[in-house]
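Protein chains in written order, with my numbering: chain H, 332 to 531; chain D, 332 to 531.
Everything below concerns the one structure shown next.
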């Protein structure tokens, strides 16, 4: 089965769009999605950035919120709202998504966190946000969050994801990689990435 | 007649794609294109950037040349090559395009410079590049270049374009603005911008 790897960071706005769009596109193309959480902070730091580019370049940042609003309308998704704290800290949610790599709730959890953060105004970093999304999926949120934060294997796996992301050339999110190593950056390239995965 | 304003900088790679694509899209939609040359240097400097973002963030820059290659193939355009000097200095060509604002050769000159620079390997800053493109269009290249560089009105008009660009929120190129002020950044938003101009 052909595969596409979807590299996402929970604080990333355009990853919200990609997370909502990728499954139907991939399924229609006969491609399996590998959901790969990673942390953008260390990768931005390696580029000399210590904050979101939206904040570093405020005129571009202001434009970007407007662009996101138009994009949400175009795709028929609830319009994304700027969180009170931006970028939020996605460590806990990324640990949970890493723990859930082989669980049937992983993709729903990812979409749930993006919706909670960008549509419902919940804080990404709050434990209750992750617990609430998990509970709504019918699994034991408190237990999974506790496990995610205390398990050394989960911690190491997320660090490894971030290291591999950097090795394969990821510099932002969302990013899509295909089996042959071809890399596509940004929600605007999702369709091209899926088409590449089909040909690959 | 409905109008879309196309803000372009000659050193901008994605402006090459937009310059090649905009006329057929706009014509099909019944929209007139206003070609507006400006200089990105002063605008980048206002954001604290003193070089192309492609050079400031080299991993992203390397990706971008690959993305441009794929985009050229997608659109059926000759594949863009990285110039020996990048970003080139587009002052002379921007002055000529400013002088030609009401001339029937303006759009052809713009497309010609992008092709000379990004396909034929000619230096953007060289006088001969602009002269050659103009001569090929059947006008007097040497005379127009001389006029462009010596005329205070042309100099002031290009400065005014750049000042207006900054005022309306342009932070990169290509940018498209509609009559109601709506702004779209990047070749990836050209179709959306034309659709907006139609509705506006």
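We put the CB at the ideal spot given by N, CA and C, even for glycine.
query: Which residue from 423(H), 396(H) and 428(H) puts its Cα closest to that of residue 413(H)?
result: Taking the first residue of the first chain as position 1, residue 413(H) is located at position 82. Per the Cα distances, 396(H).
message: Starting from residue 375(H), trace the alpha helix (DSSP H) in both directions and tell me its first and last residue.
response: Looking up residue 375(H) in the first chain gives position 44. Run containing residue 375(H): 371–377, per the alpha helix (DSSP H) assignment.
query: In chain order, what residues of the same chain have a beta carbon less than 7 Å from the beta carbon of residue 364(H), not counting five sequence neighbours either side?
result: Taking the first residue of the first chain as 1, we reach residue 364(H) at position 33. If we look at residue 364(H) and ignore the five residues flanking it on each side, its Cβ neighbours are 335, 337, 353, 354 and 357.
message: Check whether the region 389–404 of chain H and the region 500–507 of chain D are in contact - that is, three or more C-beta pairs closer than 8 Å.
response: yes
- prompt: How is residue 366(H) classed by DSSP in three states: helix, strand or coil?
  reply: To locate residue 366(H), count along the first chain from 1; it is residue 35. Here residue 366(H) sits in strand by DSSP.
message: Once the 5 residues before and after residue 531(H) are set aside, which same chain residues still bring their CB inside 6 Å of it?
response: For this step, residue 531(H) is matched to residue 200 along the first chain. Excluding residues within five positions, the ones whose Cβ falls inside 6 Å are 509, 510 and 511.
Close-in-space but distant-in-sequence residues of the same chain around residue 486(D) (CB under 8 Å, 5 per side omitted): Here the question's residue 486(D) lines up with position 155 in the second chain. So the qualifying residues of the chain are 426.
query: Which one of 432(D), 472(D), 436(D) and 386(D) has the shortest CA to CA distance from residue 342(D)?
result: Within the second chain, numbered from 1, the residue matching residue 342(D) stands at position 11. Checking every option, the nearest Cα to that of residue 342(D) belongs to 386(D).
message: Just to confirm the assignment, what range does the beta strand (DSSP E) spanning residue 337(H) have?
response: Reading the first chain from its first residue, position 6 is the one you call residue 337(H). Residues 333–339.
Proximity to residue 458(H) [Cα-Cα], best of 374(H), 432(H), 383(H) and 444(H): Looking up residue 458(H) in the first chain gives position 127. Nearest C-alpha to residue 458(H): 444(H).
- prompt: Tell me, which residues are paired with residue 509(H) by DSSP?
  reply: Residue mapping note: residue 509(H) aligns to position 178 of the first chain, counting from 1. Residue 509(H) pairs with 335(H).
message: Rounded to the nearest angstrom, what separates residue 505(H) and residue 446(H) at their Cα positions?
response: Counted from its first residue, the first chain places residue 505(H) at position 174. Counted from its first residue, the first chain places residue 446(H) at position 115. Residue 505(H) and residue 446(H): Cα-Cα distance of roughly 16 Å.
field: Cβ-based burial, residue 389(D) [other Cβ within 10 Å; buried from 16]
entry: Within the second chain, numbered from 1, the residue matching residue 389(D) stands at position 58. With fewer than 16 Cβ atoms within 10 Å of its Cβ, residue 389(D) is classed as exposed.
query: If you compare alpha carbons, which of 350(D), 403(D), 420(D) and 488(D) is closest to residue 382(D)?
result: Position 51 of the second chain holds residue 382(D). Comparing Cα positions, the closest option is 420(D).
- prompt: Taking 7 Å as the CB-CB cut-off, is residue 444(H) touching chain D?
  reply: Locating residue 444(H) in the first chain gives position 113, where the first residue counts as 1. Not an interface residue.
task: Compare the C-beta of residue 367(H) with all C-beta atoms of chain D and state if any pair is closer than 7 Å.
output: Numbered from its first residue, the first chain carries residue 367(H) at position 36. Taking Cβ atoms only, chain D never reaches closer than 7 Å to residue 367(H), which makes this a no.
Helix, strand or coil at residue 515(H) [DSSP, three-state]: Position 184 of the first chain holds residue 515(H). It is a strand residue.
field: Contact set for residue 473(D): own chain, Cβ-Cβ below 6 Å, skip 5 residues either direction
entry: Taking the first residue of the second chain as position 1, residue 473(D) is located at position 142. Once the five neighbours on either side are set aside, the close Cβ partners of residue 473(D) are 462.
task: Classify residue 471(H) as buried or exposed, calling it buried when 16 or more other Cβ atoms lie within 10 Å of its own Cβ.
output: As a working mapping, residue 471(H) is identified with position 140 in the first chain. The residue is exposed, with fewer than 16 neighbouring Cβ atoms inside 10 Å.
message: Using the Cβ count rule (16 or more neighbours within 10 Å means buried), how would you classify residue 398(H)?
response: Taking the first residue of the first chain as position 1, residue 398(H) is located at position 67. Result: buried.
task: Write down every uninterrupted run of the beta strand (DSSP E) in the region 378–452 of chain D whose length is 3 residues or greater and which is fully enclosed by it, in chain order.
output: none
query: By the criterion of Cβ-Cβ separation under 9 Å, what are the contact partners of residue 391(H) in chain D?
result: Reading the first chain from its first residue, position 60 is the one you call residue 391(H). The answer, in chain order, is 378, 502, 503 and 516.
task: On a CA-only basis, which of 403(H), 448(H), 465(H) and 483(H) is nearest residue 438(H)? Give me that one, please.
output: Residue numbering aside, residue 438(H) sits at position 107 when the first chain is read from its first letter. Taking only the C-alpha atoms, the option nearest residue 438(H) is 465(H).
task: Taking only the alpha-carbon atoms, compute the straight-line gap between residue 344(H) and residue 449(H) and give it to the nearest angstrom.
output: Start at 1 with the first residue of the first chain, and residue 344(H) comes out as number 13. Start at 1 with the first residue of the first chain, and residue 449(H) comes out as number 118. If I take the Cα positions, the gap works out to 8 Å.
- prompt: Who are the neighbours of residue 388(D) on chain H, taking C-beta pairs under 9 Å?
  reply: Position 57 of the second chain, counting from 1, holds the residue named residue 388(D). Residues of chain H passing the Cβ test: 378, 379, 380 and 502.
query: For the candidate residues 405(D), 348(D) and 415(D), whose alpha-carbon lies nearest to that of residue 523(H)?
result: Against the first chain, residue 523(H) aligns to sequence position 192. Answer by Cα proximity: 405(D).
task: Pick out whichever of 401(H), 376(H) and 418(H) has its Cα sitting closest to the Cα of residue 454(H).
output: One-based indexing of the first chain puts residue 454(H) at position 123. Comparing Cα-Cα distances from residue 454(H) to each of 401(H), 376(H) and 418(H), the minimum goes to 418(H).
message: Quick check for students: name the residue ranges of the beta strand (DSSP E) that lie wholly in the region 466–513 of chain D, counting only runs of 3 or more.
response: 506–509
query: Buried or exposed: residue 517(H), going by 16 or more other Cβ atoms within 10 Å of its Cβ?
result: Within the first chain, numbered from 1, the residue matching residue 517(H) stands at position 186. Buried, by the Cβ-count rule.
message: Any beta carbon of chain H sitting closer than 7 Å to that of residue 471(D)?
response: On the second chain, position 140 is the one that residue 471(D) refers to. No, no contact with chain H.
- prompt: Are residue 440(H) and residue 452(H) close, meaning C-beta to C-beta below 7 Å?
  reply: Numbered from its first residue, the first chain carries residue 440(H) at position 109. Numbered from its first residue, the first chain carries residue 452(H) at position 121. Against a cut-off of 7 Å, the Cβ pair of residue 452(H) and residue 440(H) comes out as no contact.
- prompt: Is the beta carbon of residue 429(D) sitting closer than 7 Å to the one on residue 488(D)?
  reply: Locating residue 429(D) in the second chain gives position 98, where the first residue counts as 1. Locating residue 488(D) in the second chain gives position 157, where the first residue counts as 1. Yes, they are a contact pair.
- request: Output the distance between the C-alpha atoms of residue 349(H) and residue 520(H), rounded to the nearest integer angstrom.
  value: Within the first chain, residue 349(H) is the residue found at index 18, counting from 1. Within the first chain, residue 520(H) is the residue found at index 189, counting from 1. Going by the C-alpha atoms only, they are around 10 Å apart.
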